[in-house]
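**Student:** Sending over a structure as structure tokens; questions will come in a sec.
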Amino acid sequence: MYCSVVRHQNTRGLRSQLKDSVPVTGMGPQVGAYGVQDTLRSGFSSVKNELLPSHALELSEKNFQLNQDKMNFSNLRNIQGLHAPLKLQMEYRAARQIQRLPFLQSSHLALDTLKGNDESISFEDILNDPAQSEMMGEPHIMVEYKLGMM
Amino acid sequence: MALSNVVETPASGFNFENVSRNVALEGLLEGGHTKAPKPMKTGTTIAGVVCKDGVVLGADTRATSGEVVADKMCAKIHYISPNMYCCGAGTAADTEKTTDLLSSNLTIFSMNSGRNPRVVMAVNILQDMLFRYRGQIGASLILGGVDCTGNHLYTVGPYGSIDKVPYLAMGSGDLAALGILEDRFKPNMELEEAKELVRDAIHSGIMSDLGSGNNIDICVITKQGVDYIRPYQESEYKDKRQRRYKYRPGTTSILTEKIVPLELEVVQETVQRMDTA
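Spelled out as structure tokens, the structure:
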């Protein structure tokens, strides 16, 4: 697997790419239509809740997979040339499109095999399994959100 | 029940929704008389020694929760693979879950590749996992095993630091145990000598540290196999509590026995048939 070879490298080039690549999504106010806080759906807003993550690991865990992928692809590009991450990302994109509708459980089998998650067990597989989540979303609202109509 | 404020399925893995609520709750509790319950820690003495034929790991068996002994026969030497065992100090749940995950991953690997995993592989997996969570997983582990490249003993700290040394002690009683190990360790010791050394190291940890106590477990890993001796030595302060308080049959002795037969005579007999169809 390509990831295991380049895991512990720490080149200067990587650091500059990671610095401004941590997206702070979900921490800002939940903006609804008209650019204001969507009180109906996400409740009353409070500056303290939104600006700071409540746990030290919350931000880093939210973006962990993204950052790992960025790092690995950038290393792969430096070693093997542009075609290698391009081909892999094309395959990831293709595998990500064959999902069920958002409110149903999809197995992500192709995506897991591509990423190598089918050969390892981590906390993502044990804790908070989405198949056993206690809350279910409204199907219409979830499809609208996914299609960007909300 | 379908909720209309859930727009995406929740992500799997750790869920940080209740953190701010917990912080607020703790603030409320500290002001009152109740305190939040402390997680069970294995304030511990664990030690390991590399000898000529393999690796000897030792641990005590006390688990504490605050100032109370929560478990007197806790098993701190966890199975990782047929050729590797791991002693864990720190929060009990964290060490158990981390070693469980590691063992599952290595089993998958050995099924895929058909080989026994090497100790370096286990150490690297542990290091990656613990560094990812920046020390929030409170597990200090001593990993020892025998593989095709020799006998190895590693320590992994909760923040992801590793160290490869011939003899080690971790836990709250590590200073006491290290004193014994530093004094009497020699490279390439015999197996019996190494077992005695580890036993003495854990014993000194038990005597000098409040968080360690009760029995001593020893695990000997060699190329031929694993010998998990639990307990290697029982503490002489065992309590003599019985588990059952019922009296055995025969506790009360029988003094005399008198049998009086009851004589009955048949007066009337009626037969009623049952419908079985």
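One line per chain: the protein sequences are A and B, in this order.
Read in the UniProt record's numbering, the first sequence has 111 at position 111, and its numbers run on one by one without any break.
Read in the UniProt record's numbering, the second sequence has 207 at position 207, and its numbers run on one by one without any break.
For each residue, glycine too, the CB sits at the ideal point set by N, CA and C.
Because the structure is a prediction, the values reported are computed rather than measured.
Got a sec, what are the start and stop residues for the alpha helix (DSSP H) A:D69 sits in?
**Tutor:** Segment 64-80, the alpha helix (DSSP H) holding A:D69.
**Student:** Do you know whose CA, among B:V120, B:L106, B:Y154, B:P158, lies nearest B:L168's CA?
**Tutor:** Measuring from the Cα of B:L168, the nearest candidate turns out to be B:Y154.
**Student:** Identify the contact partners of B:A2 in chain A, using a Cβ-Cβ distance below 8 Å as the criterion.
**Tutor:** In chain order: M136, G137, E138, P139.
**Student:** Excluding the 5 residues flanking B:C148 on each side, which residues of the same chain have their C-beta closer than 8 Å to its C-beta?
**Tutor:** The answer, listed in chain order, is N116, R118.
**Student:** Check whether chain A comes within 8 Å of B:E8, counting only Cβ atoms and requiring the distance to be less than that.
**Tutor:** Yes, B:E8 lies at the interface with chain A (some Cβ there is under 8 Å from its Cβ).
**Student:** Nearest-angstrom Cα distance between B:S208 and B:G173?
**Tutor:** Roughly 7 Å separates the two Cα atoms.
**Student:** Could you check the C-alpha separation between B:E26 and B:V19 for me, to the nearest Å?
**Tutor:** B:E26 and B:V19: Cα-Cα distance of roughly 11 Å.
**Student:** Would A:D91 be called buried (16 or more neighbouring beta carbons within 10 Å of its own) or exposed?
**Tutor:** Note that residue 91 of chain A corresponds to Glu in the displayed sequence, not to Asp. Exposed, because fewer than 16 other Cβ atoms sit within 10 Å of the Cβ of A:E91.
**Student:** Can you give the beta carbon distance from B:T222 to B:V146, rounded, assuming they're within the 8 Å contact cut?
**Tutor:** Going by Cβ atoms, the distance from B:T222 to B:V146 rounds to 6 Å, so yes, they are a contact pair.
**Student:** What would DSSP say about B:Q268, mapped onto helix, strand or coil?
**Tutor:** Of the three classes helix, strand and coil, the one that applies to B:Q268 here is coil, per DSSP.
**Student:** Would you check if the segment 120-127 of chain A and the segment 102-110 of chain B touch, i.e. whether three or more CB-CB distances between them fall below 8 Å?
**Tutor:** Touching, yes, given that three or more Cβ pairs across the two stretches are closer than 8 Å.
**Student:** How would you label B:I218, buried or exposed, when you count the other beta carbons within 10 angstroms and need 16 or more for buried?
**Tutor:** Classification for B:I218: buried.
**Student:** In chain order, what residues of the same chain lie with their CB nearer than 7 Å to the CB of B:I216, ignoring the 5 residues before and after it?
**Tutor:** Excluding positions up to five away in sequence, the list reads G58, D60, R199, I202, H203, P231, Y232, Q233.
**Student:** Along the alpha helix (DSSP H) that carries B:G179, what are the first and last residues, could you check?
**Tutor:** Here the alpha helix (DSSP H) through B:G179 covers 174-184.
**Student:** Looking only at C-alpha atoms, which of B:V165, B:D275, B:V6, B:G213 sits nearest to B:L178?
**Tutor:** Checking every option, the nearest Cα to that of B:L178 belongs to B:V165.
**Student:** Consult DSSP for B:K41 and reduce its assignment to one of helix, strand or coil.
**Tutor:** Correct three-state label for B:K41: strand.
**Student:** Quick one: which unbroken alpha helix (DSSP H) runs of 4-plus residues sit fully inside the segment 71-146 of chain B? Chain order, please.
**Tutor:** If we require 4 residues or more, the alpha helix (DSSP H) runs fully inside the segment 71-146 of chain B come out as 92-113, 119-132.
**Student:** Determine, using beta-carbon pairs with one atom in the segment 85-95 of chain B and one in the segment 185-194 of chain B, whether at least three such pairs fall under 8 Å.
**Tutor:** Segments in contact, no.
**Student:** For B:K72, which of B:M274, B:Y245, B:K238, B:I259 has the nearest alpha-carbon?
**Tutor:** Ranking the options by Cα distance to B:K72, first place goes to B:K238.
**Student:** Report the three-state DSSP secondary structure of A:S106 (helix, strand or coil).
**Tutor:** Of the three classes helix, strand and coil, the one that applies to A:S106 here is coil, per DSSP.
**Student:** B:A24 by DSSP, collapsed to three states: which one?
**Tutor:** Reduced to three states, the DSSP call for B:A24 is helix.
**Student:** Write down the C-beta distance between A:L57 and B:Y133 rounded to the nearest angstrom, noting that I regard them as a contact closer than 8 Å.
**Tutor:** With 8 Å as the limit, A:L57 and B:Y133 qualify as a contact, their Cβ atoms being about 6 Å apart.
**Student:** When you measure from the CB of B:A47 to every non-hydrogen atom of the ligand NAP, does any distance come out below 7 Å?
**Tutor:** Absence of the ligand NAP from the depicted structure is noted, as is the absence of any ligand whatsoever, leaving it without description.
**Student:** Locate the beta strand (DSSP E) running through residue 153 of chain A, then write down its first and last residues.
**Tutor:** The structure shown does not extend to residue 153 of chain A, since chain A is modelled only from 1 to 150, so the question has no answer here.
**Student:** Chain B partners of A:N128, CB-CB under 9 Å?
**Tutor:** Within 9 Å Cβ-Cβ: P10, A11, S12, G13, F14, N15.
**Student:** In the DSSP assignment, the alpha helix (DSSP H) including residue 152 of chain A goes from what residue to what residue?
**Tutor:** Given a span of 1 to 150 for chain A in the structure shown, any question on residue 152 of chain A remains unanswerable.
**Student:** Taking the continuous beta strand (DSSP E) assigned at B:I254, which residues delimit it?
**Tutor:** Counting along the chain, B:I254 falls outside any beta strand (DSSP E), and DSSP gives it neither H nor E.
**Student:** Consult DSSP for B:M274 and reduce its assignment to one of helix, strand or coil.
**Tutor:** Looking at B:M274 - three-state DSSP - the assignment turns out to be coil, as it is neither helix nor strand.
**Student:** Among B:T45, B:S12, B:V69, B:D183, which one has its Cα closest to the Cα of B:S140?
**Tutor:** Residue B:T45 is the option with its Cα nearest to B:S140.
**Student:** Since B:V55 and A:G137 are thought to touch, with beta carbons under 8 Å apart, how far apart are those beta carbons, to the nearest angstrom?
**Tutor:** That belief does not hold up - the Cβ atoms of B:V55 and A:G137 are roughly 52 Å apart, past 8 Å.
**Student:** In whole angstroms, what is the alpha-carbon distance linking B:E265 and B:Q272?
**Tutor:** Spanning the two alpha carbons is a distance of roughly 21 Å.
**Student:** At a CB-CB cut-off below 8 Å, which residues of chain B make contact with A:Y92?
**Tutor:** Result: empty, since nearest Cβ-Cβ is about 17 Å, beyond 8 Å.
**Student:** Below 9 Å on C-beta distance, what does A:M142 contact in chain B?
**Tutor:** In chain order: V6, V7, E8, T9.
**Student:** For A:S16 and B:L210, what's the separation of their Cα atoms in angstroms?
**Tutor:** Reliability of the predicted coordinates at A:S16 is poor, the pLDDT of 45 falling under 50, and the value obtained from them is presented with this limitation in mind. C-alpha separation (whole angstroms): 48 Å.
**Student:** For A:P29 and A:I141, what's the separation of their Cα atoms in angstroms?
**Tutor:** Confidence at A:P29 is low in this model, with a pLDDT of 48, below 50, so its placement is unreliable and the value that follows should be read with caution. Roughly 20 Å between the two C-alpha positions.
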